[in-house]
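**Student:** The number in my numbering is simply the position in the sequence shown, starting from 1, with 1280 added. Each residue gets a CB set at the ideal place from its N, CA and C atoms; glycine is no exception. Keep in mind it's a predicted model, so treat the numbers as computed, not measured.
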Amino acid sequence: MRLQAQHLAKAFDALHVLTDTNLQVAAGEAVAIRGASGTGKSTLLNCLGLLDRPDSGSILLDGEDLGQLRRRARGRVRGRRIGFIFQAFHLLPEFTVRENVLMAARCAGLPTKHWHERCSELLGRLGLQERAHADVRILSGGERQRVALARALLLRPQLVLADEPTGNLDPHTAATVLEIMLDLVRDEQSSLVLVTHDASVAAYAHRQLELRDGQLHALPATNAANDGGPSLKNPG
1281 MRLQAQHLAK AFDALHVLTD TNLQVAAGEA VAIRGASGTG KSTLLNCLGL LDRPDSGSIL
1341 LDGEDLGQLR RRARGRVRGR RIGFIFQAFH LLPEFTVREN VLMAARCAGL PTKHWHERCS
1401 ELLGRLGLQE RAHADVRILS GGERQRVALA RALLLRPQLV LADEPTGNLD PHTAATVLEI
1461 MLDLVRDEQS SLVLVTHDAS VAAYAHRQLE LRDGQLHALP ATNAANDGGP SLKNPG
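#1: Are the Cβ atoms of V1481 and T1446 separated by less than 7 Å?
#2: What is the C-beta distance between G1308 and V1440, in whole angstroms, given that I count them as a contact (C-beta under 8 Å)?
#3: Please report the straight-line C-alpha distance between L1408 and A1385, rounded to a whole angstrom.
#4: Would you grab the beta carbon distance between R1314 and E1459 for me? Rounded to a whole angstrom, and I think it's under 8 Å.
#5: Going by the DSSP bridge assignment, what does D1345 pair with across the sheet?
#6: Within 10 angstroms of the Cβ of M1281, are there 16 or more other Cβ atoms? Answer buried if so, exposed if not.
#7: Pull up the distance between the alpha-carbon of Q1488 and that of C1387, whole angstroms please.
#8: By the three-class DSSP mapping on this structure, what secondary structure does R1436 have?
#9: Kindly indicate which residue of A1310, E1468, R1431, D1293 has the alpha-carbon position closest to the one of V1381.
#10: On the DSSP bridge list, what partners appear for I1313?
#11: What is the DSSP secondary structure of Q1304, counted as helix, strand or coil?
#12: Mind checking P1334: buried by the 16 CB within 10 Å criterion, or exposed?
#13: To which residues does DSSP link A1518 through a beta bridge?
#14: So, at 6 Å on beta carbons, what are the nonlocal neighbours of G1509 in its own chain, with the 5 sequence-adjacent residues on each side left out?
#15: Can you tell me whether K1321 is buried or exposed? The criterion is at least 16 other CB atoms within 10 Å of its CB, across all chains shown.
#16: R1411: buried (16+ other C-beta within 10 angstroms of its C-beta) or exposed?
#17: Rounded to a whole number of angstroms, what is the C-alpha to C-alpha distance between I1547 and T1453?
#18: Drop a sphere of 10 angstroms on the beta-carbon of A1504, count the other beta-carbons inside from all chains shown, and report buried for 16 or more, exposed for fewer.
#19: Give the secondary structure of A1455 by DSSP, where H, G and I count as helix, E and B as strand, and everything else as coil.
#20: Closer than 8 Å by C-beta to D1345: which residues in its own chain qualify, once you throw out the five before and the five after it? Chain order, please.
#21: Quick check: L1298 and G1494, are their CB atoms within less than 7 Å of each other?
#22: By the DSSP assignment, the beta strand (DSSP E) with H1497 in it spans what residues?
#23: By DSSP's criteria, Q1286 is part of a beta bridge. Which residues make up the other side?
#24: With DSSP as the reference, identify every bridge partner of I1362, one or two as the case may be.
Following this line, the structure appears as structure tokens:
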């Protein structure tokens, strides 16, 4: 199993956000986590992405217990083995499309020259090859999110974490971005954890879970069809 989160707990003062939270995600699998605002979805994502530490429990990535790593090693894992996709894109306006994608390598302390071919490959798959040297400020919302997706996948991360990745997009553009994202995750054999409050977005994943009362609960497989979005075939 690619990702295993076991018995996670996280509290902020007297507020217990995660209580015995468990999650397993296979390589090539996309799992959507739904839940109302304030239920702890982003807190869970922050713990999985090593942006925060759970109070207890363990997180294993390809069998390695990430909780046992020192600060510098955690930073390397976060920069090289985990990709992040956010609702707000977080592109750097002073850099071109290509430079923004390559920023993943630079931030991970890797020579960008070794990632030029990979960058071109991703931009081609995402239909952005003609935009490679464009100012990101002139891009549409859908194009910006595709740049963010390329940046997240540049280093071939084992785990991709997406927090409301289509929240700023219209429904048609959102559907296009989701289809591309899920295709790439499957082809690259990454594991995707997608956090959303939108049932139609969650319907694109292989499995849907709901975060409620600090724990994850499986939603019926039929929900994907009933919620109005196409579900994917089994990974791999």
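**Tutor:** Taking the definition as stated:
#1: Within the sequence shown, the letter at position 201 stands for residue 1481. Within the sequence shown, the letter at position 166 stands for residue 1446. Yes, Cβ-Cβ distance for V1481 and T1446 is below 7 Å.
#2: Counted from its first residue, the sequence shown places residue 1308 at position 28. Counted from its first residue, the sequence shown places residue 1440 at position 160. Contact between G1308 and V1440 is absent: CB atoms are separated by about 11 Å, not below the 8 Å threshold.
#3: The residue given as residue 1408 occupies position 128 in the sequence shown. The residue given as residue 1385 occupies position 105 in the sequence shown. Near 19 Å, if we compare the C-alpha coordinates of A1385 and L1408.
#4: As a position in the sequence shown, residue 1314 is number 34, starting the count at 1. As a position in the sequence shown, residue 1459 is number 179, starting the count at 1. Incorrect: roughly 19 Å between the Cβ atoms, too far for contact.
#5: Within the sequence shown, the letter at position 65 stands for residue 1345. In the DSSP output, where bridge partners are listed per residue, D1345 has L1340.
#6: Residue numbering aside, residue 1281 sits at position 1 when the sequence shown is read from its first letter. Under the 10 Å beta carbon count, M1281 is surrounded by fewer than 16 other beta carbons and is classified as exposed.
#7: In the sequence shown, counting from the first residue as 1, residue 1488 sits at position 208. In the sequence shown, counting from the first residue as 1, residue 1387 sits at position 107. Their backbone Cα atoms lie some 32 Å apart in a straight line.
#8: Within the sequence shown, the letter at position 156 stands for residue 1436. DSSP places R1436 in coil when its eight states are reduced to three.
#9: What you label residue 1381 is simply residue 101 of the sequence shown in a count that begins at 1. Of the listed residues, the one whose Cα sits closest to V1381 is R1431.
#10: As a position in the sequence shown, residue 1313 is number 33, starting the count at 1. In the DSSP output, where bridge partners are listed per residue, I1313 has V1475, L1489.
#11: Counting from 1 along the sequence shown, the entry for residue 1304 is found at position 24. Strand.
#12: Within the sequence shown, residue 1334 is the residue found at index 54, counting from 1. Classification for P1334: buried.
#13: Residue 1518 lies beyond the range of the chain shown here (1281 to 1516); nothing can be said about it.
#14: Translated into positions along the sequence shown, residue 1509 becomes position 229. Low confidence applies here, because G1509 scores a pLDDT of 44, under 50, leaving its location unreliable; read the following figure in that light. So the list reads S1480, A1483, Y1484, once near-sequence residues are dropped.
#15: Against the sequence shown, residue 1321 aligns to sequence position 41. Label assigned to K1321: buried.
#16: As a working note, residue 1411 is residue 131 in the sequence shown. In summary, R1411 is buried, with 16 or more beta-carbon neighbours lying within 10 Å of its beta-carbon over all protein chains present.
#17: With the chain covering 1281 to 1516 only, the question about residue 1547 has no answer from this structure.
#18: As a working note, residue 1504 is residue 224 in the sequence shown. Low per-residue confidence applies at A1504: pLDDT is 41, beneath 50, and the placement is therefore not dependable enough to give any value.
#19: Here residue 1455 is taken as the residue at index 175 of the sequence shown, counted from 1. Note: A1455 maps to helix in three-state DSSP.
#20: The residue given as residue 1345 occupies position 65 in the sequence shown. Here D1345 has S1338, I1339 as same chain residues with Cβ atoms under 8 Å from its own Cβ, once five neighbours each way along the sequence are excluded.
#21: In the sequence shown, the residue the question calls residue 1298 occupies position 18. In the sequence shown, the residue the question calls residue 1494 occupies position 214. For L1298 and G1494, yes; Cβs fall inside 7 Å.
#22: Position 217 of the sequence shown, counted from the start, is the residue given in the question as residue 1497. Its beta strand (DSSP E) spans residues 1495–1498.
#23: Along the sequence shown, read from residue 1 onward, the residue named residue 1286 stands at position 6. Beta-bridge pairing links Q1286 to S1338.
#24: Start at 1 with the first residue of the sequence shown, and residue 1362 comes out as number 82. Partner(s): L1439.
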